[in-house]
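Asker: Top to bottom, those sequences are chains A and B. Here the first sequence is numbered in the working numbering, starting from 286 and rising by one per residue. Here the second sequence is numbered in the working numbering, starting from 296 and rising by one per residue. Where a beta carbon is used, it is the ideal one built from N, C-alpha and C, also for glycine.
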Amino acid sequence: MSTATADATGVPTTGKPRKERIRHRPITIGQVILQILMAIASIAMALPFLWMFFSSFKPLEEIFMQPPKLLPMNWQPQNYSEAFDQASAGGAWYASGFPLAFFNSFYISTVVTLGTLLTSAMAAYAFARIRFFGRGFWFMLFLSTMMVPGQLTIIPLYIIMGQLDWVDTHLPLIIPPILFNAFGVFLLRQYARGIPLELEEAAAIDGAGRFRIFVSLILPLLKSPMVALGIFTFLGQWNNFFYPLIFLNSSDKFTLPLLVNQFKGAYSSNWAGIMAASTITALPLLIVFIFAQRQIVEGIALSGSKT
Amino acid sequence: MTERPQTSGSVAGMPAGAADDVTEAAVAVADGGKEPAGRGGRDLRQAVEAGTSSSHRAALRKKRMRDNIHGYIFMAPQLIGLLAFMIGPLVFAIILAFMKWDGFGSREYVGFGNFKAVFENEQFIQSWKNTAWFTALQVPALMISAFIFALLLQRTGKMKNFYRACFFAPQVTATVAVSVIWLWLLNPDISPITGWLKQVGLVAPDWLQDPNFVIPAVVLVSVWQGLGYQLVMFMAGLDNVPSSMMEAASIDGANEIQKMFRITLPLISPTILFLSITSIIGSFQVFDYIFVFFDTTAPAFGRTIVYEIVQTAFREFNFGVGAALALLLFMMLLALTGLQLIAQKKWVFYTE
Chain A
286 MSTATADATG VPTTGKPRKE RIRHRPITIG QVILQILMAI ASIAMALPFL
336 WMFFSSFKPL EEIFMQPPKL LPMNWQPQNY SEAFDQASAG GAWYASGFPL
386 AFFNSFYIST VVTLGTLLTS AMAAYAFARI RFFGRGFWFM LFLSTMMVPG
436 QLTIIPLYII MGQLDWVDTH LPLIIPPILF NAFGVFLLRQ YARGIPLELE
486 EAAAIDGAGR FRIFVSLILP LLKSPMVALG IFTFLGQWNN FFYPLIFLNS
536 SDKFTLPLLV NQFKGAYSSN WAGIMAASTI TALPLLIVFI FAQRQIVEGI
586 ALSGSKT
Chain B
296 MTERPQTSGS VAGMPAGAAD DVTEAAVAVA DGGKEPAGRG GRDLRQAVEA
346 GTSSSHRAAL RKKRMRDNIH GYIFMAPQLI GLLAFMIGPL VFAIILAFMK
396 WDGFGSREYV GFGNFKAVFE NEQFIQSWKN TAWFTALQVP ALMISAFIFA
446 LLLQRTGKMK NFYRACFFAP QVTATVAVSV IWLWLLNPDI SPITGWLKQV
496 GLVAPDWLQD PNFVIPAVVL VSVWQGLGYQ LVMFMAGLDN VPSSMMEAAS
546 IDGANEIQKM FRITLPLISP TILFLSITSI IGSFQVFDYI FVFFDTTAPA
596 FGRTIVYEIV QTAFREFNFG VGAALALLLF MMLLALTGLQ LIAQKKWVFY
646 TE
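(1) Beta-carbon within less than 7 angstroms of residue 296 (chain A)'s beta-carbon, same chain only, minus the 5 sequence neighbours each way: which residues are those?
(2) So residue 569 (chain A) is in the alpha helix (DSSP H); what residue range does that whole segment cover?
(3) Which residues does DSSP list as the beta-bridge partners of residue 367 (chain A)?
(4) Going by Cα to Cα distance, which pick from B:491, B:638 and B:561 is closest to residue 540 (chain B)?
(5) Would you check if there are 3 or more beta carbon pairs closer than 8 angstroms linking the stretch 611-624 of chain B to the stretch 383-401 of chain B?
(6) Any beta-carbon of chain B closer than 7 angstroms to the one on residue 300 (chain A)?
(7) Cβ atoms of residue 615 (chain B) and residue 607 (chain B): under 7 angstroms apart, would you say?
(8) Taking buried to mean at least 16 other C-beta atoms within 10 Å of its own C-beta, is residue 502 (chain B) buried or exposed?
(9) Would you call residue 642 (chain B) buried or exposed, if buried means 16 or more other Cβ atoms sit within 10 Å of its Cβ?
(10) Decide if residue 645 (chain B) is buried, meaning its Cβ has at least 16 other Cβ atoms within 10 Å, or exposed.
(11) Where does residue 335 (chain B) land, buried or exposed, given buried means 16+ other C-beta within 10 angstroms?
(12) With distance defined between alpha-carbon atoms, name the residue in A:325, A:440 and A:571 nearest to residue 398 (chain B).
(13) Would you mind sorting residue 370 (chain B) into buried or exposed? The rule is 16 or more other CB atoms within 10 Å of its CB.
(14) Between the alpha carbons of residue 636 (chain B) and residue 584 (chain B), how many angstroms are there, rounded?
(15) Specify the secondary structure class of residue 343 (chain A) as computed by DSSP and reduced to three states.
(16) I need the DSSP call for residue 486 (chain A), collapsed to helix, strand or coil.
(17) Report buried or exposed for residue 497 (chain A), applying the criterion of at least 16 other Cβ atoms within 10 angstroms of its Cβ.
(18) Can you check whether the CB of residue 401 (chain A) is closer than 7 angstroms to the CB of residue 463 (chain A)?
(19) Kindly confirm or deny that the stretch 448-463 of chain B and the stretch 552-572 of chain A touch, where touching means at least three C-beta pairs closer than 8 angstroms.
(20) Counting beta carbon pairs with one atom in the stretch 379-396 of chain A and one in the stretch 511-527 of chain A, are three or more of them shorter than 8 angstroms?
(21) Using a Cβ-Cβ cut-off of 6 angstroms (strictly less than) and excluding sequence neighbours within five positions of residue 560 (chain A), which residues of its own chain qualify?
(22) Can you give me the C-alpha to C-alpha distance between residue 523 (chain B) and residue 314 (chain A), rounded to a whole angstrom?
(23) Alpha carbon to alpha carbon, how far is residue 513 (chain B) from residue 429 (chain B)?
(24) Assess, as a yes-or-no matter, whether the stretch 479-497 of chain B is touched by the stretch 417-427 of chain B under the definition of 3 or more beta carbon pairs within less than 8 angstroms.
(25) Counting C-beta neighbours from all protein chains within 10 Å, is the total for residue 478 (chain A) 16 or more, i.e. buried, or is it exposed?
(26) Hey, how far is the Cα of residue 480 (chain A) from the Cα of residue 407 (chain A)?
(27) Give me the Cα-Cα distance between residue 416 (chain B) and residue 597 (chain B), rounded to the nearest whole angstrom.
(28) Quick one: give me the first and last residue of the alpha helix (DSSP H) that residue 385 (chain B) is part of.
(29) Kindly say whether residue 410 (chain A), judged by its beta-carbon, lies nearer than 7 angstroms to any beta-carbon of chain B.
(30) Assign residue 495 (chain A) to one of two classes, buried (16 or more other C-beta atoms within 10 Å of its C-beta) or exposed (fewer than that).
(31) Leaving aside the five residues before and after residue 563 (chain B) along the sequence, list all residues of the same chain whose C-beta is less than 6 angstroms from its C-beta, in chain order.
(32) Can you tell me the Cβ-Cβ gap for residue 539 (chain A) and residue 533 (chain A), rounded? I've got them flagged as a contact below 8 angstroms.
(33) Could you tell me how far apart the beta carbons of residue 384 (chain B) and residue 438 (chain A) are, in whole angstroms, since I believe they sit closer than 8 angstroms?
(34) Which chain B residues are close to residue 361 (chain A), counting only those with a beta carbon under 8 angstroms from its beta carbon?
(35) Whose CA, out of A:490, A:473, A:452 and A:493, lies closest to the CA of residue 507 (chain A)?
(36) For residue 517 (chain A) and chain B, any beta-carbon pair shorter than 7 angstroms?
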């Protein structure tokens, strides 16, 4: 039917049925007001970002201009290279600057994400499918630790890391989150419980052992919650400020948020440079978000309903 | 899998006598006699056990053993982490709260001395008040605005994803970047907002210097950043409200307000509880904004509890008092969560 109407009106067939339905919906005044209101609210939400982004291209005198203008009159992309130079010329604190901080943030986030996905999936599988001694006890313990604020354990952790000589290295930022993620274990366990038992039994009859079953059956079936958990973990690590602040001292170890904070302190009047630094930190994840919006939003809704 | 023969398979393989016992027991149960039924149950178990060959039992034991080993192999990484990075430090923190220690010299047991120091420090008391004030403003502001926007967003049709993306974008942005942007927007000397307000004849307050405006300013920033998450959670909750129920209510003559309070709110009450528990926990831990805004020199009216913990433990290296503050925070959160879980019986409605 839709092909026939499409031929008659000359509209391309793709997406035809949907379009037709929307066209028939009456446009009420309420709808118009609603759309205008939401558009204004959305712009208000996005404005600080736009302000940050465009200001990072402005010469200093335009930044403080009154009344303010959003778009730069003279685009000045050299703010970025200047921020890099200042960051590397500013003495010991900034010896290596933004490219290194970018690299540090990137590799720490990636290693933690991959590691935590593996260990969480393993523990989730054990909790969901293996009857081992003490399973209920350990599960309750995992659940109850979700209440403990990180600020309570950070003081002993700092002392322990000092004993291990790990302070001012990346190890305190990498090893603990890989080896302990109660939320990740819980989330994946909820999904693992839903995998039909018959699949596992069939694989066992075919002669697959526990480890084969885990790698070639369970992991692929846990793909969608693992993608969601992976995105959350990467976001959390990339944006993490508290732990790097406590554990890192030398600028060549700094992650991006830490370097931005230091840069802000050292060049407090160079707002163009500071905005360039913030843009470098925020933009990669905003771009990832634009492409992965569906996974992120659905993952959040699902993790809420599963917990 | 191998456990299955124990229940069904072994009945078939039972000796004839045992099978007779089972039949007798079954008859006794059918007769409704309580005493024989009890004995029959015992007999049945004995019969099943007699019917299970010793090699089978050995296999079963072997499987249990293997399950235990496999279980702990799969659990190993997370168990090590749980003990080394959570349980261990937690116990250590509780001990530290009763110690005087700077991390180098000798440790000294001081009893409740650290807690006494917390309650006698006027700035700490002020910081507790600031934190509570922040929570009292932020949690309702966040939840109410997120709920209203979720309701509105539900009706926007094709544009829904675009609007949602705008609301959610601050959520994926580093708090440091967010704080740095707002540090500028909240500075009346250089903020573009001052200029815009001036054009309509208003004077912007000196947000971060005026004692009355510090906490509200942090609330503003954190609501801006946190709105997207709660919006998505509320939208997921609203999606689960069956439209048939709303239509039935309309036919019965319910107006929008009645539908809201009688149908929508009760049905999304589990979401409200979840968000109120998690956002109270989160708001009591507010730190990043304040540290980026003020570095180590936050004014008395802008300091929060976690800010005090960081200053006490990692600037003054007074680990004992820092741990005591953190322990008090933890107990506060436990109490608030416990209260909400008790109160939920009165207002949370579960469909299942």
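Answerer: If we stick to the structure as given:
(1) Along the first sequence, read from residue 1 onward, the residue named residue 296 (chain A) stands at position 11. Residue placement at residue 296 (chain A) cannot be trusted, given a pLDDT of 41 that sits under 50; what the coordinates show is reported in the next sentence. Counting only residues of its own chain and dropping the five nearest sequence neighbours on each side, residue 296 (chain A) has no CB closer than 7 angstroms to any other CB.
(2) Residue numbering aside, residue 569 (chain A) sits at position 284 when the first sequence is read from its first letter. Looking at the DSSP string, the run of the alpha helix (DSSP H) that includes residue 569 (chain A) is 556-576.
(3) One-based indexing of the first sequence puts residue 367 (chain A) at position 82. Answer is none; residue 367 (chain A) lacks a bridge partner.
(4) Along the second sequence, read from residue 1 onward, the residue named residue 540 (chain B) stands at position 245. Measuring from the Cα of residue 540 (chain B), the nearest candidate turns out to be B:561.
(5) Touching, yes.
(6) The residue given as residue 300 (chain A) occupies position 15 in the first sequence. Reliability fails at residue 300 (chain A), whose pLDDT of 42 lies under 50, so the model's placement of it is uncertain and the value that follows must be treated cautiously. Chain B places no beta carbon closer than 7 angstroms to that of residue 300 (chain A), leaving this residue out of the contacts.
(7) Your numbering for residue 607 (chain B) matches position 312 in the second sequence. Your numbering for residue 615 (chain B) matches position 320 in the second sequence. Here residue 607 (chain B) is not near residue 615 (chain B), since their CB atoms are 7 angstroms or more apart.
(8) Within the second sequence, numbered from 1, the residue matching residue 502 (chain B) stands at position 207. Around the C-beta of residue 502 (chain B), 16 or more other C-beta atoms lie within 10 Å, and the residue is accordingly described as buried.
(9) Taking the second sequence and counting its residues from 1, one reaches residue 642 (chain B) at position 347. It counts as exposed.
(10) Taking the first residue of the second sequence as position 1, residue 645 (chain B) is located at position 350. Exposed, by the Cβ-count rule.
(11) As a position in the second sequence, residue 335 (chain B) is number 40, starting the count at 1. Low confidence applies here, because residue 335 (chain B) scores a pLDDT of 44, under 50, leaving its location unreliable; read the following figure in that light. Residue 335 (chain B) comes out buried.
(12) Looking up residue 398 (chain B) in the second sequence gives position 103. Of the candidates A:325, A:440 and A:571, the one whose C-alpha sits nearest the C-alpha of residue 398 (chain B) is A:440.
(13) The sequence position of residue 370 (chain B) within the second sequence is 75, counting from 1. So residue 370 (chain B) ends up on the buried side.
(14) Translated into positions along the second sequence, residue 636 (chain B) becomes position 341. Translated into positions along the second sequence, residue 584 (chain B) becomes position 289. When rounded, the distance between both Cα atoms is 29 angstroms.
(15) As a working note, residue 343 (chain A) is residue 58 in the first sequence. Here residue 343 (chain A) sits in coil by DSSP.
(16) Within the first sequence, numbered from 1, the residue matching residue 486 (chain A) stands at position 201. Here residue 486 (chain A) sits in helix by DSSP.
(17) Counting from 1 along the first sequence, the entry for residue 497 (chain A) is found at position 212. By the C-beta density criterion, residue 497 (chain A) is exposed, having fewer than 16 other C-beta atoms within 10 angstroms.
(18) By one-based count along the first sequence, residue 463 (chain A) stands at place 178. By one-based count along the first sequence, residue 401 (chain A) stands at place 116. Taking 7 angstroms as the Cβ cut-off, residue 463 (chain A) and residue 401 (chain A) qualify as a contacting pair.
(19) With a cut-off of 8 angstroms, the stretch 552-572 of chain A and the stretch 448-463 of chain B do not count as touching, because too few Cβ pairs lie within range.
(20) Here the stretch 511-527 of chain A makes contact with the stretch 379-396 of chain A; the two share three or more CB pairs at distances below 8 angstroms.
(21) Taking the first sequence and counting its residues from 1, the one referred to as residue 560 (chain A) is at position 275. Excluding positions up to five away in sequence, the list reads 337, 340 and 341.
(22) Residue 523 (chain B) sits at position 228 when you count from the first residue of the second sequence. Residue 314 (chain A) sits at position 29 when you count from the first residue of the first sequence. Separation of residue 523 (chain B) and residue 314 (chain A) (C-alpha to C-alpha, rounded to the nearest whole angstrom) is 27 angstroms.
(23) For the purposes of this step, residue 513 (chain B) is taken as residue 218 along the second sequence, with counting starting at 1. For the purposes of this step, residue 429 (chain B) is taken as residue 134 along the second sequence, with counting starting at 1. Roughly 8 angstroms between the two C-alpha positions.
(24) At 8 angstroms Cβ cutoff, the stretches do not touch.
(25) Walking along the first sequence from the start, residue 478 (chain A) turns up at place 193. By the 10 Å Cβ count, residue 478 (chain A) comes out exposed.
(26) Numbered from 1 along the first sequence, position 195 holds the residue referred to as residue 480 (chain A). Numbered from 1 along the first sequence, position 122 holds the residue referred to as residue 407 (chain A). Straight-line Cα distance between these residues: approximately 15 angstroms.
(27) For the purposes of this step, residue 416 (chain B) is taken as residue 121 along the second sequence, with counting starting at 1. For the purposes of this step, residue 597 (chain B) is taken as residue 302 along the second sequence, with counting starting at 1. Rounded to the nearest angstrom, the two C-alpha atoms are 16 angstroms apart.
(28) Residue numbering aside, residue 385 (chain B) sits at position 90 when the second sequence is read from its first letter. 383-391 is the extent of the alpha helix (DSSP H) around residue 385 (chain B).
(29) Within the first sequence, residue 410 (chain A) is the residue found at index 125, counting from 1. Residue-level contact by beta carbon holds for residue 410 (chain A) and chain B, with a gap shorter than 7 angstroms.
(30) Taking the first sequence and counting its residues from 1, one reaches residue 495 (chain A) at position 210. Classified as buried, residue 495 (chain A) has 16 or more neighbouring CB atoms from the shown chains inside 10 Å of its CB.
(31) For the purposes of this step, residue 563 (chain B) is taken as residue 268 along the second sequence, with counting starting at 1. Excluding residues up to 5 positions away in sequence, 532 lie with their Cβ nearer than 6 angstroms to the Cβ of residue 563 (chain B) in the same chain.
(32) Taking the first sequence and counting its residues from 1, one reaches residue 539 (chain A) at position 254. Taking the first sequence and counting its residues from 1, one reaches residue 533 (chain A) at position 248. Between residue 533 (chain A) and residue 539 (chain A) the Cβ distance is about 6 angstroms, and since that is below 8 angstroms, they are a contact.
(33) By one-based count along the second sequence, residue 384 (chain B) stands at place 89. By one-based count along the first sequence, residue 438 (chain A) stands at place 153. Indeed they touch by this definition, with Cβ atoms about 4 angstroms apart.
(34) Counting from 1 along the first sequence, the entry for residue 361 (chain A) is found at position 76. By Cβ distance, chain B contributes nothing, its closest Cβ being about 17 angstroms from residue 361 (chain A), past 8 angstroms.
(35) Along the first sequence, read from residue 1 onward, the residue named residue 507 (chain A) stands at position 222. For residue 507 (chain A), the closest alpha carbon among the candidates A:490, A:473, A:452 and A:493 is that of A:473.
(36) Taking the first sequence and counting its residues from 1, the one referred to as residue 517 (chain A) is at position 232. Residue contact with chain B for residue 517 (chain A): absent (no Cβ-Cβ distance below 7 angstroms to any residue of chain B).
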